[in-house]
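Enquirer:
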Amino acid sequence: MKKIIILMIAVGLAFPNLVRAQVTDSNVRSVVQIQIFDKNWNLQEWGSGVYTDLSILTNYHVAEKIIKYPNDYKAVICHKASTYESLKCDFLADAYHNLGLAVTVPAKYNEQLDIAILHINYKLADGKWQSIANIPISDTMLQFDSIKFSTYGYDLGDSSNINDEVKTLGFPDYANGNMNYAKGFITRLDYSYKGLPTIVTNAQISFGSSGGAAFDKKGKFIGLTSAGIRDQNIGYTLEGYVIPVATINFWYKYAFGEETYDWHGIEITKGGDNAQEDVQKSVICMLGSGGGTYDKATDNCVNKIDTTDNTNNSTPNTGNNTSNTDSVTTTSKPKSTKTCPQYPPSSYSFKIIKQSPYPETLYPGERANVWIEVKNTGKATWYKDCINAIKLGSGSKFGTSSQHRDYISEFYDYDSWLSGNRAITMLHDEIRPGWHTRFEFMIRAPKDPGIYKAYFTPVTEEITWMQDLGIYWQIEVKNEASSNPVNNSPSSKNITNTPSVTKPQSGTNITVS
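Numbering (my numbering), first residue to last: 6 to 518.
(1) Tell me the DSSP secondary structure of Ala100 in three-state form.
(2) Going by beta carbon distance, what residues of the same chain come within less than 7 Å of Asn207, once the five residues before and after it are set aside?
(3) Leaving out five residues on either side along the sequence, give the residues of the same chain with a beta carbon under 6 Å from the beta carbon of Ile82.
(4) Any heavy atom of the ligand FAD closer than 7 Å to the CB of Lys396?
(5) Taking one C-beta from the region 361-376 and one from the region 403-412 each time, how about it: are there three or more such pairs within less than 8 Å?
(6) With Glu69 as the anchor, note down where its alpha helix (DSSP H) starts and where it stops.
(7) Under 8 Å by Cβ, that's how I've got Ala385 and Thr430 pegged, so tell me the actual separation to the nearest angstrom.
(8) Starting from the C-beta of Ser406, find all residues in its chain whose C-beta is less than 7 Å away, skip the five residues before and the five after it, and write them out in chain order.
(9) Beta-carbon separation of Ala428 and Phe461 under 8 Å?
(10) According to DSSP, Phe444 sits in a beta bridge with which residue or residues?
(11) When DSSP labels each residue in this structure, what does Asn126 get in the three-state scheme?
(12) What number of angstroms, rounded off, separates the C-alpha of Val464 from the C-alpha of Asn47?
(13) Asp77: buried (16+ other C-beta within 10 angstroms of its C-beta) or exposed?
(14) Let me check understanding here. Comparing Cα to Cα, which of Ile448, Glu466, Gln148, Ser399 lies closest to Glu365?
(15) Taking only the alpha-carbon atoms, compute the straight-line gap between Ile377 and Asp119 and give it to the nearest angstrom.
(16) Taking 8 Å as the threshold (C-beta atoms), are Ser136 and Thr57 in contact?
(17) Give the single residue among Val171, Ser354, Gly425 whose Cα lies nearest to the Cα of Lys223.
(18) Quick one: grab the DSSP three-state call for Ser30.
(19) Can you tell me the Cβ-Cβ gap for Leu123 and Ile204, rounded? I've got them flagged as a contact below 8 Å.
(20) Between the Cα of Leu432 and the Cα atoms of Trp387, Ser424, Phe149, which residue gives the shortest distance?
(21) Give, in chain order, every unbroken run of the beta strand (DSSP E) that is at least 3 residues long and sits entirely within the region 343-407.
(22) Please report the Cβ distance between Ile41 and Ala100, rounded to the nearest whole angstrom; I am assuming they are in contact, meaning their Cβ atoms lie under 8 Å.
(23) Could you check the C-alpha separation between Ile253 and His441 for me, to the nearest Å?
(24) Along the chain, where does the beta strand (DSSP E) that runs through Ile174 open and close?
(25) Rounding to the nearest angstrom, what Cα-Cα distance links Tyr457 and Ser399 in this structure?
(26) Quick test of your reading: Ala86 and Tyr114, contact by CB under 8 Å. State the CB separation rounded to the nearest angstrom.
(27) Helix or strand or just coil, what does DSSP make of Asn183?
(28) Put Thr465 into one of helix, strand or coil per three-state DSSP.
(29) Which of helix, strand or coil does DSSP assign to Tyr138?
(30) May I have the straight-line CA-CA distance separating Lys452 from Glu467, to the nearest angstrom?
(31) Compute the Euclidean distance between the alpha carbons of Asp131 and Lys93, then round it to the nearest angstrom.
(32) With DSSP as the reference, label Ser424 as helix, strand or coil.
(33) What is the rounded straight-line gap between the Cα of Ser352 and the Cα of Gly383?
(34) Measuring only the C-alpha atoms, how far is Ala450 from Asp420?
(35) Return the CA-CA distance between Leu474 and Val379, expressed in angstroms with no decimal places.
Below you can see the structure in the form of structure tokens.
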């Protein structure tokens with residue numbers, strides 16, 4: 006009886022008109038249905054997608070036919086203007102942006118991560134499919150609400166923790182072609198693929214939901230619905246998988262070396278005869294040049310986007326730093342000679358988000374992997390590969406007198422560390438204020454038995470050490486002949502450790518939705 010009740014509740018959520026208190030119109034306008042037709046206009050299948058600046062973010066398995074056989078299949082994009090509006094199917098998406106331009110921008114996709122981006126190229130106007138390059142771009146944009154997922158950074162955010170509420174929007178099979186709202190909670194996190202996070206939820210995700218959106222309780226986008234674990238006896242999805250925005254950004258930035266498309270300050274000015282034309286030129290410039298910007302004053306397309314971070318109030322230094330801060334020295338391997346924007350020392354600060362647990366007992370020379378996740382709470386953008394790179398340095402005021410900054414660490418791993426006093430650079434190439442990153446590295450157990458506690462502090466090379474929070478890892482080193490090692494380190498304030506993540510049980514059937 007209990008299983009029947011659960012199933013009835015889940016199906017009962019599938020209404021043609023969504024309850025306005027559950028999801029906003031903005032959420033609705035950001036989610037689309039993708040209908041896949043063959044060349045003879047026979048409907049083959051459908052899925053869901055998320056709108057992002059003239060492109061559709063979806064699962065690879067939803068877009069696979071369009072990507073592999075672009076001449077044989079068409080993708081019709083259907084959308085709703087609000088929770089109570091009917092579905093309109095008046096856009097076409099392809100694997101290539103053409104816009105009537107000689108230069109095309111190919112679709113981005115990753116089959117293993119199950120992520121893909123299709124490009125909107127045509128709109129149904131006066132009964133004909135017309136290139137969106139020939140119609141006002143603003144008319145297209147105003148029918149959607151764009152999810153600018155590049156602004157979310159590379160972490161799970163503050164609302165993607167276990168037991169947090171999840172709301173999903175998509176077009177599952179049981180909703181009979183209607184947009185469906187499902188509510189649930191994050192039950193666990195999974196890191197089974199290359200350490201990249203996947204959100205697992207008990208919200209109902211079924212066939213046709215793939216590529217839809219998952220939102221937190223405040224309506225913030227947190228990821229793509231992708232797959233579900235189905236109980237074959239009752240035909241009900243027990244768990245759903247969500248590809249979080251952190252993984253999406255990691256894939257796009259580091260697989261292809263570029264940011265996701267955003268508008269770089271382009272605005273639609275209401276009123277004025279040339280507003281739509283300016284927006285259209287800006288869009289064509291951006292897409293046709295692979296990410297350029299339109300200079301209205303000169304009526305030219307500037308191909309190179311200025312990636313300098315100007316979103317804070319700090320003024321970059323134009324010369325060498327002369328402030329009265331702790332000196333920064335290093336015995337590192339050859340440094341980068343790349344020049345990046347420099348900011349005053351006070352612009353660099355961080356907050357600890359998570360830290361890996363201490364390793365098990367190690368034997369002399371044995372290695373273990375550790376990491377710490379931090380948030381950029383300052384006003385300066387952090388860079389990985391430049392003269393002023395952000396690194397994890399050795400030492401802290403919380404250590405012994407010999408554990409001063411830049412000391413040669415007890416955990417120095419000569420096979421992987423940058424030097425004896427620099428464990429690693431940050432994981433990502435660029436971390437803007439508010440974004441998260443990780444320092445992940447190997448530690449090597451000292452040769453002598455004992456209990457060791459080694460300290461670390463983030464450092465901006467050639468500029469300043471960041472605040473000293475007493476970050477440390479503690480390990481017990483012992484050999485087979487000794488079970489009572491000597492304590493070689495003082496005590497210090499402990500940092501809360503993150504519990505290990507439970508992975509799916511083996512043998513579970515996962516059905517792609």
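Quick reminder that beta carbons are idealized off the backbone N, C-alpha and C, glycines included.
Expert: Here's the rundown:
(1) coil
(2) Gly189, Phe190, Thr192, Glu244
(3) Val37, Phe96, Ala98
(4) By its list of ligands, the structure shown contains no ligand whatsoever, and the ligand FAD lies outside what it can speak to.
(5) no
(6) 65-73
(7) Actually they are not in contact, since the Cβ atoms of Ala385 and Thr430 sit about 16 Å apart, beyond 8 Å.
(8) none
(9) yes
(10) Ile377
(11) strand
(12) 59 Å
(13) exposed
(14) Ile448
(15) 27 Å
(16) no
(17) Val171
(18) The question names Ser, but residue 30 is Asp in the sequence shown. Three-state DSSP puts Asp30 in a helix.
(19) So it is not a contact: roughly 23 Å between Cβ atoms.
(20) Trp387
(21) 355-360, 372-381, 395-399
(22) Ile41 to Ala100, Cβ: 12 Å. No contact.
(23) 14 Å
(24) Residue identity differs from the one stated: residue 174 is Leu in this sequence, not Ile. Counting along the chain, the beta strand (DSSP E) containing Leu174 begins and ends at 170-175.
(25) 14 Å
(26) About 29 Å; that fails the 8 Å criterion.
(27) coil
(28) strand
(29) It is worth fixing the name first, because residue 138 is Ala in this sequence and not Tyr. DSSP places Ala138 in helix when its eight states are reduced to three.
(30) 33 Å
(31) 14 Å
(32) strand
(33) 5 Å
(34) 13 Å
(35) 12 Å
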